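**Student:** So that we are looking at the same thing, I have put the structure below in structure tokens.
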Amino acid sequence: MLSKAKKSLAAGIEKLIDLDGVIKKRCDRYIFCYHRVMAAEQARQEGIHPSLWISPERLSCHIEWMKNVGEITDYHHILEDHQPKKPLFALTFDDGWKDNYLNAFPVIKRYEIPALVFLVTNAVETGQIFWTEDIAIKSQRQFSVLGLSKVRESLFVCFPEAKKWRIENELSFLAAIHMVIEKLKTIATCDRDNFIKSYYSLLGVEPFPLQGYILSWTEIKEMSRFKISFGSHTNKHIILETAQNGQIEDELKLSKEMISEHLHVDIDAFCYPNGRYSGKEGALLAASGFKYGFCLDNQPLSCSRSNHYIPRVLVSEQKLCDAASLKLSMLQVPFFKYKVHRSSVDHHEDR
Ligand SMILES: [Zn+2]
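First residue of the sequence shown? That's 766 in the numbering used here, and the numbers climb one at a time after it.
This is the structure in structure tokens:
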């Protein structure tokens, strides 16, 4: 309800105020974060969370908008030019999805623009999808095969808390699955693995993670010959906020080495899985040779306090359907501003 009211309020404001004009005048810098790039039907079939995909057509429209309002540039330039004459934009893609090669790469080539893709090196090596998406896709598939009551029952057995939720159709079942995924992110790995094992067994699906969703080194190399750069998103997509320093150092070192070895370039960019950090990571990133750390705090670069906690703005098909709200959030208008991740330790580093 609130989001509906917000959307119509934003549309009303845009009728009165030329928001593109305001963005042009501000000359701020924005780094956008995308995830999967795919057709709406495929996103529906795979049960992808609405904030994590965009269609190639919508991506093209967004690029056209950026070119009209300002200039698209690479991540080095946008981070170094502190007083641009027009708004600057940069594109980043998280997780290293194969659909970035299949669906985003043709768009990027057509516009001849730079982009930065963050890889999870263990996923590239093994070709295995992340457990989060594995659960969502398998749940969605089995919903189509078995129907609501059977899949809902499997969920209830493994996750009794879900009995309290209203799960009455495909949409509410998928919403429940995404809520369960969020809960599973907060528990110990062995407990999570046990949950997944018993849920998959009841659901009647393979326990092994799905293959064919992650970029291969061959595709990455082909993309790197154009204007696409690559950064690290850890080796195993671990959440740094709750990890021990030793584990973080290992993940940083290994992922950086692997990408450098394959692409024969130094890797200076890192992106926080789930956009989460505690504030202790900046020093670890610097010690591992990463100049830049990218977060997801939905702010322009004028709000950035450190090159190891660079804010980006999350965009998706859903967000761009409500472009006025997105523009108001980019302008940091109260009520439209998105949530900023608060670290438990404050970080003050020199730029
Ligand atoms: Zn990620």
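By construction, the Cβ of each residue, glycine as well, lies at the ideal position given by its N, Cα and C atoms. Since the structure is predicted, the reported quantities are computational estimates derived from the model, not experimental observations.
Determine contact between the segment 785-800 and the segment 847-862, defined as no fewer than three beta-carbon pairs at a distance below 8 Å.
**Tutor:** Contact between the segment 785-800 and the segment 847-862 is established, with three or more Cβ pairs separated by less than 8 Å.
**Student:** Could you check whether the Cβ of residue 1002 sits closer than 7 Å to any heavy atom belonging to ligand 1?
**Tutor:** yes
**Student:** Could you pull out every residue in the same chain whose Cβ sits closer than 8 Å to the Cβ of residue 934, ignoring the five residues on either side in sequence?
**Tutor:** 913
**Student:** Residue 923 lies in the alpha helix (DSSP H); which residues open and close that run?
**Tutor:** 913-923
**Student:** Please confirm whether any heavy atom of ligand 1 lies closer than 7 Å to the CB of residue 864.
**Tutor:** no
**Student:** Within the structure, which residues are defined as neighbours of ligand 1 by a Cβ-heavy atom distance below 5 Å, reported in chain order?
**Tutor:** 859, 860 and 1038
**Student:** Mind checking residue 936: buried by the 16 CB within 10 Å criterion, or exposed?
**Tutor:** Counting C-beta atoms within 10 angstroms of its own C-beta, residue 936 has fewer than 16 neighbours from the protein chains shown and is therefore classed as exposed.
**Student:** For the alpha helix (DSSP H) that residue 954 lies in, which residues bound it at each end?
**Tutor:** Counting along the chain, the unbroken alpha helix (DSSP H) around residue 954 starts and ends at 954-968.
**Student:** Around the Cβ of residue 1026, are there at least 16 other Cβ atoms within 10 angstroms (buried) or fewer (exposed)?
**Tutor:** exposed
**Student:** What span of residues does the beta strand (DSSP E) with residue 796 cover, start to end?
**Tutor:** 794-799
**Student:** Which ranges does the beta strand (DSSP E) cover as unbroken runs of at least 3 residues, wholly within the segment 1046-1071, from first to last along the chain?
**Tutor:** Inside the segment 1046-1071, DSSP marks whole beta strand (DSSP E) runs of 3 or more residues at positions 1057-1059, from first to last along the chain.
**Student:** Just reading off the beta strand (DSSP E) that residue 993 is part of, what are its end residues?
**Tutor:** 993-997
**Student:** Is residue 1110 buried or exposed, if buried means 16 or more other CB atoms sit within 10 Å of its CB?
**Tutor:** Note that residue 1110 has pLDDT 40, beneath the 50 cutoff, so the model's placement of it is unreliable and the number below is only indicative. Per the 10 Å Cβ criterion, exposed.
**Student:** I'd like the list of long-range same chain contacts for residue 870, defined as Cβ closer than 7 Å, with 5 residues on each side in sequence excluded.
**Tutor:** 988
**Student:** Below 8 Å on the Cβ atoms is my guess for residue 905 versus residue 939; work out the distance and round it to an integer in Å.
**Tutor:** 6 Å
**Student:** Taking only the alpha-carbon atoms, compute the straight-line gap between residue 1000 and residue 820 and give it to the nearest angstrom.
**Tutor:** 27 Å
**Student:** Inspect the beta-carbon positions of residue 916 and residue 949 and report whether they are closer than 8 Å.
**Tutor:** no
**Student:** Where DSSP assigns a beta bridge to residue 1031, which residues make up the other side?
**Tutor:** Residue 1031 pairs with nothing; no bridge assigned.
**Student:** DSSP has residue 839 in a bridge; who is on the other side?
**Tutor:** DSSP output for residue 839 lists no bridge partner at all.
**Student:** Do the segment 1079-1088 and the segment 873-888 meet, that is, are 3 or more Cβ pairs less than 8 Å apart?
**Tutor:** no
**Student:** Report the start-end ranges of each beta strand (DSSP E) in the segment 823-882 that is 3 residues or longer and not cut off at the edges.
**Tutor:** 853-860
**Student:** Look at residue 996 and residue 1035 and say whether their C-beta atoms are less than 8 Å apart.
**Tutor:** Contact flag set, yes.
**Student:** Just the C-alpha distance for residue 839 and residue 774, rounded to the nearest angstrom, thanks.
**Tutor:** Going from the Cα of residue 839 to the Cα of residue 774 covers about 34 Å.
**Student:** In angstroms, rounded to a whole number, what distance separates the CA positions of residue 929 and residue 1059?
**Tutor:** 37 Å
**Student:** Please tell me whether residue 823 and residue 1082 are closer than 8 Å, where the distance is taken between their beta carbons.
**Tutor:** yes
**Student:** Would you call the segment 853-867 in contact with the segment 792-812, where contact means no fewer than 3 C-beta pairs closer than 8 Å?
**Tutor:** Touching, per the Cβ criterion.
**Student:** Is the segment 1043-1058 close to the segment 829-836, with three or more CB pairs under 8 Å?
**Tutor:** no
**Student:** Taking Cβ positions, are residue 941 and residue 952 nearer each other than 8 Å?
**Tutor:** no
**Student:** Exposed or buried, what is residue 780 when buried is set at 16 or more other beta-carbons lying within 10 Å of its beta-carbon?
**Tutor:** exposed
**Student:** Does the distance from the CB of residue 1016 to the CB of residue 1003 come in under 8 Å?
**Tutor:** yes
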